[in-house]
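3 is the number of the first residue of the sequence shown in this note's numbering; add one for each residue after it.
We put the CB at the ideal spot given by N, CA and C, even for glycine.
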Amino acid sequence: MNMALKYAKESDGLTSSLQMSHIVFDELSFKRLGFTKAKDESSKTKVSLGTNIGKIEDGTYKVSLKLTAENENEYVAYVIISAYCKVNEDDELKERLLKENAVAILYPYARAEMTLLTAQPETDALTLPVLNVTAMVRSAEMEHEDGETKPSNDK
Numbered sequence: 003m004n005m006a007l008k009y010a011k012e013s014d015g016l017t018s019s020l021q022m023s024h025i026v027f028d029e030l031s032f033k034r035l036g037f038t039k040a041k042d043e044s045s046k047t048k049v050s051l052g053t054n055i056g057k058i059e060d061g062t063y064k065v066s067l068k069l070t071a072e073n074e075n076e077y078v079a080y081v082i083i084s085a086y087c088k089v090n091e092d093d094e095l096k097e098r099l100l101k102e103n104a105v106a107i108l109y110p111y112a113r114a115e116m117t118l119l120t121a122q123p124e125t126d127a128l129t130l131p132v133l134n135v136t137a138m139v140r141s142a143e144m145e146h147e148d149g150e151t152k153p154s155n156d157k
């Protein structure tokens, strides 16, 4: 346990509403489809991010994040990472904690692993930006409510 968290917990009676017992990579994949295009041709990498939240039992959830990168005629890569979380079922912020906080914690791990996977010979390593997960989740929720679906971002 992080000593700062332990100290805060013991001295102030503070505890985190979201606790993660395990963070693991479920799958890592890089499949080469071809070779880098000529330097004068622009090549766009399509990146998508998906999440899944599954209830294991009351108060225990598995939050998974899948990050996919596809560079046409060059490669397809993906990372799936999961966190096993505990959260109070009565917490009014439970859904937000799982959708936003857990995903915000997992994304930097997936982002770093994607950079490593795409750092292959004759491939430009993909460095993804830092994301505001809260804004992204809320935007997706608004789009879902409006019945709109927007295509994934091209990088």
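Review point. Quick one: any contact between the segment 88-96 and the segment 111-121, if contact means 3 or more CB pairs under 8 Å?
Key: no
Check your understanding: Does DSSP put D42 in a helix, a strand or coil?
Key -> On the sequence shown, residue 42 is found 40 positions in, with the first residue counted as 1. Note that D42 scores a pLDDT of 45, beneath 50, so its modelled location is shaky; the value from the coordinates is reported in the next line. The answer is coil: DSSP assigns D42 none of H, G, I, E or B.
Check your understanding: Taking the continuous beta strand (DSSP E) assigned at A71, which residues delimit it?
Key -> Here residue 71 refers to the residue found at position 69 of the sequence shown. Per DSSP, A71 belongs to the beta strand (DSSP E) from 62-73.
Check your understanding: Tell me the DSSP bridge mates of M158?
Key -> Residue 158 lies beyond the residue range present for the chain, which begins at 3 and ends at 157; the question has no answer from this structure.
Point to revise | Identity of the residue in D126, V65, K101, Y63 nearest Y77 by Cα | key: Along the sequence shown, read from residue 1 onward, the residue named residue 77 stands at position 75. Cα-wise, what sits closest to Y77 is D126.
Practice item. Determine contact between the segment 53-60 and the segment 14-26, defined as no fewer than three beta-carbon pairs at a distance below 8 Å. Key: no
Exercise for review: Report the rounded CA-to-CA distance for D42 versus C87, giving the unit in angstroms.
Suggested key: Taking the sequence shown and counting its residues from 1, one reaches residue 42 at position 40. Taking the sequence shown and counting its residues from 1, one reaches residue 87 at position 85. Residue placement at D42 is flagged as unreliable, the pLDDT there being 45, under the threshold of 50; the coordinate-derived value follows with that caveat. Whole-angstrom Cα-Cα distance: 47 Å.
Check your understanding: Span of the beta strand (DSSP E) holding D93?
Key -> For the purposes of this step, residue 93 is taken as the residue at position 91 of the sequence shown. D93 -> no beta strand (DSSP E), and no H or E assigned at all.
Review point. Whole-angstrom Cβ separation of L69 and Y80, contact assumed at under 8 Å?
Key: One-based indexing of the sequence shown puts residue 69 at position 67. One-based indexing of the sequence shown puts residue 80 at position 78. Correct: roughly 7 Å between the Cβ atoms.
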